[in-house]
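See below for the structure under consideration.
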């Protein structure tokens, strides 16, 4: 079992000259309320034993790439610490040593798990949101964000990192 949850909201794009401004304002207001509700939703961390980040992220990207004409931003609220017991886990000493000593090997391992993602999709952006609270968390996140930046550069998909939205 994994801890990852999927929450989704969207709003269709519309040309300002062809739409009804009052209806659009109402749709935007509903969209903002949906986003606020997702962000404030209580989390239950007692449900799972590990948290795989990469494979669920790949699944979401595969879903988003089906909407070829629609711009999408995938928000990932995570410290990016992959913890899959049968694949890769930063909580295994060998895997942690590998990411520190040979990040390109870990990048290649992650890329191998992303075969279903179309390369160079300009309509998808990934935004990772995480606020470290200790210097150790901050240095770990820097290492993992560099790994993810190199993976996404290879995939040709924009990724950025922030501590708040």
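Numbering (the working numbering), first residue to last: 1 to 165. For each residue, glycine too, the CB sits at the ideal point set by N, CA and C.
Item to complete: Express the C-alpha separation of residue 163 and residue 166 in angstroms, rounding to a whole number.
Response: Not covered by the structure: residue 166. The range shown for the chain is 1 to 165.
Worksheet entry | Per-residue DSSP class, three states only, for residue 63 | Three-state result, residue 63: helix.
Fill in: Residue nearest to residue 120 in terms of C-alpha spacing, selected from 114, 158, 132
Among 114, 158, 132, the Cα nearest to that of residue 120 is on 158.
Worksheet item: Considering only residues of the same chain and omitting the five flanking positions on each side of residue 87, which have a CB-CB separation below 6 Å?
Response: Non-local C-beta neighbours of residue 87 in its own chain, meaning closer than 6 Å and more than five positions away in sequence, are absent.
Worksheet item: Nearest to residue 105 by CA position, among 156, 151, 20, is which residue?
Response: Of the listed residues, the one whose Cα sits closest to residue 105 is 151.
Item to complete: From the DSSP output, in three-state form, read off residue 31 for me.
Response: Three-state result, residue 31: helix.
Fill in: Runs of beta strand (DSSP E) wholly within the segment 93 to 155 (minimum 3 residues, chain order)
Segments of the beta strand (DSSP E) lying fully in the segment 93 to 155: 124 to 129.
Worksheet item: So, do the segment 59 to 72 and the segment 123 to 133 have three or more beta carbon pairs nearer to each other than 8 Å?
Response: Remark: three or more beta-carbon pairs, one from each stretch, lie closer than 8 Å, so the segment 59 to 72 and the segment 123 to 133 are flagged as touching.
Fill in: Spatial distance of residue 9 from residue 40 (CA atoms)
Cα-Cα distance, rounded: 14 Å.
Worksheet item: Nearest-angstrom Cα distance between residue 81 and residue 52?
Response: Roughly 8 Å separates the two Cα atoms.
Worksheet item: Excluding the five sequence neighbours on either side, which residues of its own chain have a C-beta within less than 6 Å of the C-beta of residue 144, listed in chain order?
Response: Closer than 6 Å at the Cβ level, and outside the excluded window around residue 144, lie 80.
Worksheet entry | Whole-Å CB distance - residue 117 paired with residue 61, under 8 Å assumed | Contact between residue 117 and residue 61 holds: CB atoms are separated by about 5 Å, below the 8 Å threshold.
Worksheet item: Can the beta-carbon of residue 77 be found closer than 8 Å to that of residue 35?
Response: No, Cβ-Cβ distance for residue 77 and residue 35 is not below 8 Å.
Worksheet item: Mind checking residue 99: buried by the 16 CB within 10 Å criterion, or exposed?
Response: Counting of Cβ neighbours within 10 angstroms places residue 99 among the buried residues, the total reaching 16 or more.
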